[in-house]
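Remarks on the structure that follows.
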Amino acid sequence: MSGILTMRRTHGFSLIELMLALALGVVVVSGIVQLFVGNSKTYTLLTGQSRLQENGRFALDFIERSVRSAGYMGCAPERQYMVKGLRGNWNVVYEFDITRFVQGHEGNGDGSFTPPLAALPTTVGAVNAANLYNDGTGIDPAVIAPQTDVLIVRQVSAGTPLVQTLQPNGNPVVRAPGGNPGFGVNDIVMVSDCEQAAVFKITGMNVAGNEATLLNATATAGDFFENADTIASPTGPIPYTLSFLGRSYGEDAVVGEVQTTIFFVAPTTAGANNRGNVPMSLWRRVGSTNAVELIEGVEDLQLLYGIDNTPADGISDANQYVTFPNVPDVNQIVAVRVSVTANSVDAVVDAGDGLLRRTFTQTILIRNANPGA
Numbered sequence: 047m048s049g050i051l052t053m054r055r056t057h058g059f060s061l062i063e064l065m066l067a068l069a070l071g072v073v074v075v076s077g078i079v080q081l082f083v084g085n086s087k088t089y090t091l092l093t094g095q096s097r098l099q100e101n102g103r104f105a106l107d108f109i110e111r112s113v114r115s116a117g118y119m120g121c122a123p124e125r126q127y128m129v130k131g132l133r134g135n136w137n138v139v140y141e142f143d144i145t146r147f148v149q150g151h152e153g154n155g156d157g158s159f160t161p162p163l164a165a166l167p168t169t170v171g172a173v174n175a176a177n178l179y180n181d182g183t184g185i186d187p188a189v190i191a192p193q194t195d196v197l198i199v200r201q202v203s204a205g206t207p208l209v210q211t212l213q214p215n216g217n218p219v220v221r222a223p224g225g226n227p228g229f230g231v232n233d234i235v236m237v238s239d240c241e242q243a244a245v246f247k248i249t250g251m252n253v254a255g256n257e258a259t260l261l262n263a264t265a266t267a268g269d270f271f272e273n274a275d276t277i278a279s280p281t282g283p284i285p286y287t288l289s290f291l292g293r294s295y296g297e298d299a300v301v302g303e304v305q306t307t308i309f310f311v312a313p314t315t316a317g318a319n320n321r322g323n324v325p326m327s328l329w330r331r332v333g334s335t336n337a338v339e340l341i342e343g344v345e346d347l348q349l350l351y352g353i354d355n356t357p358a359d360g361i362s363d364a365n366q367y368v369t370f371p372n373v374p375d376v377n378q379i380v381a382v383r384v385s386v387t388a389n390s391v392d393a394v395v396d397a398g399d400g401l402l403r404r405t406f407t408q409t410i411l412i413r414n415a416n417p418g419a
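When we follow this note's numbering, the leftmost residue of the sequence shown carries the number 47, and every step to the right adds one.
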């Protein structure tokens, strides 16, 4: 029997074809991965840029609102007729020193400030400064970023009108819709009209319907924030009064709370970023309350003060911008040039600490500036 060999064709991929297919697959997958990685980095970068721009804009907006309103006291009374009814002098009652609309502390870069931060109302641990009105609400100077500046702005809140004439030795009676005049016992307020003003402590309040009588009793002893039985006047010590002029306040007068706003840069309370570093934030303290963290990712605050060197001309314009230690008279400040450096908070690039940074600058005019006063 003769043998016949039958040849069968082999079906499928050869080893070489399979290796080529795998190699092509690796190339395609690598390309897709690179595309996703590139898109992810681009997204992270754009997010970081957006965040730092947002941080910078919001920081300037908060500061602008306060600076523009600095020195607001209702109908702008003349400063020489402003009564300080409190026992402490203006330097001591720092939180209520409405005679200085704008102040600052210049960071010297070595941890020191000019003037020193000791003037601030502080709380360090359990120790409260003597010039702090509400215990536990002060600022700890040690947390303030050493190379940054500190800005202080003062004004009187929107006033509540009198409902009857106020005599120099009387108690203001103000509108109190729903029994609430907008402030309470122990608040430090100012009554003012277009000629005169007086800063005093509300020692009691009698509410009747939609009216409130604000008591302002004096004390022969006590801390800086009590109403003094004897006050300083342009002509020397006199008995406590709400008017140096001996005039009454008409129903066009208003009563508002004296507020000091402090802006500074300090570490965030939100914790570390994606590289384990703790970012800085812009903080704000309003009145006699605890400071509040406003915006994470603000690492620097630099200030220049626009001064009017020619106040006699009656035109309120800045002729020169200087640091606060070089301001000749705080009453000459008519503008503030603010520079804030914001960052992306989280690292978005490989170099350095990975943060994107940008400095935003704005010049803000003080609406109530009166350098000739």
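Backbone N, C-alpha and C fix where the C-beta goes; we use that ideal spot for every residue, glycine too.
Next item on the list: Let me know the secondary structure DSSP gives Val376 once reduced to three states.
Entry: DSSP places Val376 within a helical segment (H, G or I) once states are collapsed to three.
Notebook entry, point to check: Leu208 to Val395, Cα distance in whole Å?
Noted result: 59 Å
Next item on the list: Let me know the secondary structure DSSP gives Tyr295 once reduced to three states.
Entry: strand
Next item on the list: Classify Ile361 as helix, strand or coil using the three-state DSSP reduction.
Entry: coil
Notebook entry, point to check: For Val332, which three-state DSSP category applies?
Noted result: strand
Note to self: Can you give me the C-alpha to C-alpha distance between Ile190 and Thr335, rounded to a whole angstrom?
What the structure shows: The alpha-carbon atoms of Ile190 and Thr335 are separated by roughly 18 Å.
Item checked: Gly131 to Asn273 span [Cα, whole Å] -> Distance between Gly131 and Asn273, taken at the CA atoms: about 5 Å.
Note to self: Check for me: the beta strand (DSSP E) holding Asn252 runs from which residue to which?
What the structure shows: 250 to 254
Margin query: Val380 and Ala358 - do their beta-carbons sit closer together than 8 Å?
Written below: no
Checklist line | Counted within 10 angstroms of its Cβ, other Cβ atoms place Pro223 as buried (16 or more) or exposed | finding: exposed
Checklist line | alpha helix (DSSP H) runs contained entirely in the region 131 to 172, provided each spans 4 or more residues | finding: none
Notebook entry, point to check: Sorted by chain position, which residues of the same chain lie with C-beta nearer than 7 Å to Cys121's C-beta, five sequence neighbours on each side aside?
Noted result: Sequence-distant Cβ neighbours of Cys121 in its own chain, meaning closer than 7 Å and more than five residues away, are Ser238, Asp239, Cys240.
Check: DSSP on Leu208, reduced to helix/strand/coil?
Finding: strand
Checklist line | First and last residue of the uninterrupted beta strand (DSSP E) at Val395 | finding: For Val395, no beta strand (DSSP E) run applies, since DSSP gives it neither H nor E.
Item checked: Euclidean distance between Cα positions of Ala188 and Gly71 -> 59 Å
Note to self: Quick check on the burial criterion: 16 or more other C-beta atoms within 10 angstroms. Buried or exposed for Thr356?
What the structure shows: exposed
Note to self: According to DSSP, simplified to helix, strand and coil, what is Val231?
What the structure shows: coil
Notebook entry, point to check: By a C-beta neighbour count over all protein chains shown, 10 Å radius and 16 as the cutoff for buried, is Thr65 buried or exposed?
Noted result: Correcting the residue type first, residue 65 is Met in the shown sequence and not Thr. It is exposed - the Cβ of Met65 has fewer than 16 other Cβ atoms within 10 Å.
Next item on the list: Please indicate yes or no: does the CB of Ser60 lie closer than 7 Å to some heavy atom of the ligand ADP?
Entry: Inclusion of the ligand ADP in the displayed structure is not the case, the ligand content being empty and no account of it being possible.
Note to self: I'd like to know whether the C-beta atoms of Thr405 and Ser385 end up nearer to each other than 8 Å.
What the structure shows: Less than 8 Å separates the beta-carbon of Thr405 from that of Ser385.
Next item on the list: Measuring alpha carbon to alpha carbon, tell me which of Asn256, Glu257, Asp275 ends up nearest Ala265.
Entry: Closest in C-alpha terms to Ala265, from the list Asn256, Glu257, Asp275, comes Asp275.
Note to self: What does the alpha-carbon distance come out to for the pair Met128 and Gln242?
What the structure shows: 6 Å
Note to self: Just to confirm before moving on: does the CB-CB distance between Gly343 and Arg111 stay below 8 Å?
What the structure shows: no
Check: Hey, is Ala188's beta-carbon within less than 8 Å of any beta-carbon in chain B?
Finding: This model lacks chain B altogether; it includes just one protein chain.
Check: What residue does the beta strand (DSSP E) around Asp346 start on, and which one ends it?
Finding: 344 to 353
Next item on the list: Return helix, strand or coil for Val73, following the three-state DSSP convention.
Entry: helix
Margin query: Tell me which residue opens and which closes the beta strand (DSSP E) that Gln408 is part of.
Written below: Start and end: 403 to 411.
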